[in-house]
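Residue numbers (our numbering), protein chains in the order written: chain A, 1 to 328; chain B, 329 to 805. Just so you know, even glycine gets a beta-carbon here, dropped at the ideal spot from N, CA and C. Read through the structure below, which is laid out as structure tokens, and then see the notes.
Now the structure itself:
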């Protein structure tokens with residue numbers, strides 16, 4: 001019963017921040033009417049636009065800027081059943097000094113771990129400025145009660161998480177129960193307190209770009225600070241067109257409400273080229289205002305070493321093998 | 329923070345000769361007209377000296393084509409196909425060279441010549457190569473016409489060459505082709521490719537020059553078929569001069585296409601479609617979506633999105649791989665665009681362009697939108713052939729169709745709606761040769777292309793494109 005009180009309180013908080021849309025979530029019918037009234041997404045056109053932006057040629061000084069920007073936007077992630085405190089400490093050390101031989105390399109934006117390892121990560125990153133993000137809400141499937149999800153979130157926040165990456169209830173979304181999804185996000189946002197909330201849409205399970213757009217708006221209306229593509233556990237994950245649709249959503253949401261929401265593609269970003277394509281997408285869709293770790297993140301692990309290798313290649317003109325970069 | 333650095337494609341891949349002759353009977357020969365120069369419209373630098381073909385030179389080319397016709401038309405289709413497949417493959421192998429040359433001579437962005445023009449050029453040769461030994465199944469007979477005289481424009485120099493030459497050769501005709509005066513270089517490189525492919529001499533002849541050379545090709549008595557792509561004005565002259573001669577004619581002329589956006593359209597993709605419709609190739613596209621018809625209920629929102637999107641277009645060096653808008657092809661065309669745009673302002677339409685730096689050298693015109701345009705304005709009726717969009721609004725589907733059809737042209741149209749029944753209802757009523765559904769300026773060799781009304785007659789591309797190069801009176805039908 002406690003959780004219902006929480007929902008009621010939290011909804012008032014969130015509707016205050018999205019002026020003009022206060023009636024949108026007054027009922028499931030109202031929410032459905034709003035989400036289905038958003039302009040559709042033509043798949044062929046969205047795919048074509050993303051592919052065209054993928055042909056941008058980013059070389060020399062632009063590439064150097066992009067590499068450093070991308071490094072500073074990485075949410076270095078480990079989300080395995082086999083994660084241990086030692087593994088998390090090692091990853092945090094890498095997050096703080098991605099290339100120990102080169103202090104010019106910026107630190108990454110955050111590390112992302114399971115809730116039970118948050119405390120370990122908080123200790124390990126110390127005062128470096130690297131944020132600690134925790135997945136929560138019965139990640140990755142989200143198949144549990146709201147009570148469990150809220151508690152999961154509270155534990156992560158209590159352990160010191162700066163950011164919470166929640167998953168939406170895709171089953172409820174696909175069943176058309178948008179209000180349930182909305183109210184869960186509102187509840188989790190309330191449980192976050194000061195921690196930033198990233199809402200994972202798991203776009204690979206939403207099937208259509210129309211659904212991606214609707215889920216993006218739903219998450220933003222409910223108070224999410226970031227919208228995130230994927231858990232990394234489902235394929236396809238952070239494709240260019242899906243990220244494009246989400247960038248359009250945050251751009252339009254800022255226009256309509258005055259509130260700015262960040263975007264985090266996660267999963268499947270492995271190479272420098274992948275990362276740079278994402279930055280091009282940001283620049284030419286949402287605009288320069290999102291080219292900042294506060295507003296755009298790359299959820300990834302293996303991409304960091306490729307960025308470091310490309311960076312060194314730019315400095316020295318030569319590639320070093322992977323053995324010259326630390327595993328974690 | 330993150331600005332794109334210059335990313336120029338190297339022009340070293342292409343070797344431009346100081347001067348070029350005519351390609352007649354498999355060899356390069358001097359022209360007897362006075363040579364002219366072709367320039368890079370982005371810098372006004374001279375690229376090469378080009379021979380001009382006189383009527384006598386054209387006569388030699390037609391004679392060579394006539395002689396080659398005897399063997400080429402008698403060759404089994406499968407053998408002709410081998411040559412066409414070979415040409416297609418060489419085009420793919422030399423695509424980068426051709427793309428750079430096209431951008432240098434025409435001013436179009438390398439992204440377009442590389443990703444649109446060249447793949448389509450190769451695809452056209454592959455496609456018609458496939459028809460060469462299957463003509464008996466196409467329904468137009470199998471007898472070629474003879475010598476085809478072909479005159480092509482400067483907006484897609486190599487692509488228009490492919491549209492003309494590939495079906496002509498597949499059907500067993502031989503060709504005398506005149507490229508546009510301002511963009512002859514890729515046609516001359518294509519002539520080298522014909523040599524490289526061991527195409528029999530005389531099957532393809534390329535004569536360069538201005539209007540008089542074109543007239544000599546069209547009016548030559550031993551030409552059996554005239555194919556022209558270009559302005560409606562010249563198309564009329566050609567129709568008049570070939571009337572009563574027995575020559576078969578196809579004309580692909582101007583356009584003033586409506587791009588209709590309904591209120592339930594996928595707006596972000598519609599904005600991309602509008603941009604692609606009118607700013608692709610600097611608007612030098614006969615089927616360009618130069619009239620935007622937007623439903624009043626979303627006009628404000630759509631225009632705001634469109635303007636924001638135009639702010640991201642990158643104008644400049646055509647060889648830069650990140651350039652979206654290149655140079656206007658010639659000083660004459662720039663003057664025409666300026667004249668019509670000024671007329672638009674004088675007639676009371678509101679003009680808008682994003683802030684963009686215009687290079688000091690060369691011919692440039694910023695992407696431009698006119699709002700508050702009425703059907704009666706010149707910019708709503710005349711083909712501008714530049715990066716200028718006229719925006720009109722409508723209230724009901726019937727009004728959209730009425731306005732879209734209220735033009736002497738009828739080459740293409742676009743319709744944007746997520747509602748399939750409205751899409752079909754609209755497409756059924758539009759009088760245009762090509763109607764794009766939730767897209768614009770998409771081309772494919774399998775799809776016929778051509779116009780209604782003053783946009784010309786005949787179809788190019790697809791099975792229908794064979795009809796123009798076969799004698800349908802063939803007894804085998």
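Going by DSSP in three states, residue i sits in which element: helix, strand or coil?
{"i": "residue 13/A", "result": "With a pLDDT of only 42 at residue 13/A, under 50, the local geometry of the prediction cannot be trusted, and no value is derived from it."}
{"i": "residue 765/B", "result": "strand"}
{"i": "residue 325/A", "result": "coil"}
{"i": "residue 587/B", "result": "strand"}
{"i": "residue 5/A", "result": "With a pLDDT of 36 at residue 5/A, under the threshold of 50, the modelled position of this residue cannot be trusted; read the value that follows with caution. Residue 5/A: helix per DSSP, three-state reduction."}
{"i": "residue 239/A", "result": "coil"}
{"i": "residue 686/B", "result": "coil"}
{"i": "residue 740/B", "result": "strand"}
{"i": "residue 703/B", "result": "coil"}
{"i": "residue 756/B", "result": "helix"}
{"i": "residue 290/A", "result": "helix"}
{"i": "residue 680/B", "result": "strand"}
{"i": "residue 367/B", "result": "strand"}
{"i": "residue 209/A", "result": "helix"}
{"i": "residue 532/B", "result": "strand"}
{"i": "residue 593/B", "result": "coil"}
{"i": "residue 643/B", "result": "strand"}
{"i": "residue 653/B", "result": "strand"}
{"i": "residue 58/A", "result": "coil"}
{"i": "residue 331/A", "result": "Because residue 331/A is not part of the residues shown, which for chain A are 1 to 328, the question remains open."}
{"i": "residue 696/B", "result": "strand"}
{"i": "residue 795/B", "result": "helix"}
{"i": "residue 347/B", "result": "strand"}
{"i": "residue 338/B", "result": "coil"}
{"i": "residue 378/B", "result": "strand"}
{"i": "residue 72/A", "result": "helix"}
{"i": "residue 569/B", "result": "helix"}
{"i": "residue 301/A", "result": "coil"}
{"i": "residue 216/A", "result": "helix"}
{"i": "residue 306/A", "result": "helix"}
{"i": "residue 633/B", "result": "helix"}
{"i": "residue 105/A", "result": "coil"}
Who pairs with residue i in a beta bridge, going by DSSP?
{"i": "residue 407/B", "result": "Paired residue(s): none; residue 407/B is not in a bridge."}
{"i": "residue 198/A", "result": "165/A, 226/A"}
{"i": "residue 77/A", "result": "112/A"}
{"i": "residue 623/B", "result": "722/B"}
{"i": "residue 580/B", "result": "557/B, 784/B"}
{"i": "residue 264/A", "result": "228/A"}
{"i": "residue 502/B", "result": "475/B"}
{"i": "residue 717/B", "result": "697/B"}
{"i": "residue 777/B", "result": "788/B"}
{"i": "residue 356/B", "result": "351/B"}
Check whether the Cβ of residue i sits closer than 6 Å to any heavy atom of the ligand NAD, and report yes or no.
{"i": "residue 231/A", "result": "Judged by which ligands are present, the structure shown has none, so any question about the ligand NAD falls away."}
Could you say if the segment 70 to 85 of chain A and the segment 113 to 120 of chain A meet the contact criterion of at least three C-beta pairs nearer than 8 Å? Counting Cβ pairs under 8 Å, three or more are found: they touch.
Relative to chain B, which residues along the segment 53 to 79 of chain A have a C-beta separation below 7 Å, given in chain order? Within the segment 53 to 79 of chain A, the qualifying residues are 55, 56, 57, 58, 59, 60, 61, 62, 65, 66, 69.
May I ask you to list, following chain order, the residues of the segment 647 to 671 of chain B that have a beta carbon less than 9 Å from some beta carbon of chain A? Result list: 648, 649, 650.
Minimum length 4: unbroken alpha helix (DSSP H) runs contained in the segment 138 to 193 of chain A: Taken in chain order, the unbroken stretches of alpha helix (DSSP H) that lie wholly in the segment 138 to 193 of chain A and span 4 residues or more are 146 to 158, 170 to 174, 178 to 192.
Segments assigned alpha helix (DSSP H), at least 4 residues, entirely inside the segment 400 to 459 of chain B: Counting whole runs of 4 or more residues, the segment 400 to 459 of chain B contains the alpha helix (DSSP H) stretches 405 to 421, 423 to 434, 446 to 459.
Assess contact between the segment 436 to 446 of chain B and the segment 617 to 624 of chain B, defined as three or more Cβ pairs (one per stretch) separated by less than 8 Å. Is contact present? The segment 436 to 446 of chain B makes no contact with the segment 617 to 624 of chain B, as fewer than three CB pairs between them are under 8 Å.
For the structure I just gave you, are there three or more beta carbon pairs, one from the segment 603 to 614 of chain B and one from the segment 564 to 575 of chain B, closer than 8 Å? The segment 603 to 614 of chain B vs the segment 564 to 575 of chain B: no contact.
Interface residues of the segment 576 to 600 of chain B facing chain A [CB-CB below 9 Å]: Considering only beta carbons, the part of the segment 576 to 600 of chain B lying closer than 9 Å to chain A consists of 592, 593, 594, 595, 596, 597, 598, 600, in chain order.
Mind checking the segment 18 to 47 of chain A against chain B and listing, in chain order, the residues whose C-beta falls within less than 7 Å of any C-beta there? For the segment 18 to 47 of chain A, which is checked against every Cβ of chain B, the residues closer than 7 Å are 39, 40, 41, 42, 44, 45, 46.
Do the segment 475 to 494 of chain B and the segment 421 to 440 of chain B make contact, defined as three or more Cβ pairs closer than 8 Å? They touch, by the three-pair rule.
Counting Cβ pairs closer than 8 Å, one from the segment 531 to 539 of chain B and one from the segment 376 to 395 of chain B, do we hit at least three? Taking a contact to require three or more Cβ pairs closer than 8 Å, the segment 531 to 539 of chain B and the segment 376 to 395 of chain B qualify as touching.
Taking Cβ-Cβ distances below 8 Å as the criterion, which residues of the segment 426 to 458 of chain B are in contact with chain A? Under the 8 Å Cβ criterion, the segment 426 to 458 of chain B contributes 439, 443.
Taking a Cβ distance cut-off of 7 Å, strictly less, list which residues of the segment 248 to 269 of chain A are near chain B, in chain order. The residues in question are 248.
Note down, in chain order, all residues in the segment 269 to 291 of chain A with a beta-carbon under 8 Å from any beta-carbon belonging to chain B. Residues 279, 283, 284, 288, 291.
So does the segment 201 to 214 of chain A actually touch the segment 238 to 252 of chain A, counting three or more Cβ pairs closer than 8 Å? With a cut-off of 8 Å on Cβ pairs, the segment 201 to 214 of chain A is in contact with the segment 238 to 252 of chain A, counting three or more such pairs.
Under 7 Å (Cβ pairs) to chain A, residues found in the segment 339 to 355 of chain B: Taking 7 Å as the Cβ-Cβ cut-off against chain A, none of the residues of the segment 339 to 355 of chain B qualify.
Does the contact criterion of 3 or more C-beta pairs under 8 Å hold for the segment 198 to 205 of chain A versus the segment 302 to 310 of chain A? They do not touch, by the three-pair rule.
Please identify, using Cβ separations under 7 Å, the residues of the segment 763 to 787 of chain B that lie next to chain A, in order along the chain. Taking 7 Å as the Cβ-Cβ cut-off, the segment 763 to 787 of chain B approaches chain A at 766, 767, given in chain order.
For the segment 140 to 167 of chain A, list every residue whose C-beta sits within 7 Å of some C-beta in chain B, in sequence order. So the list is empty, because no residue satisfies the distance condition.
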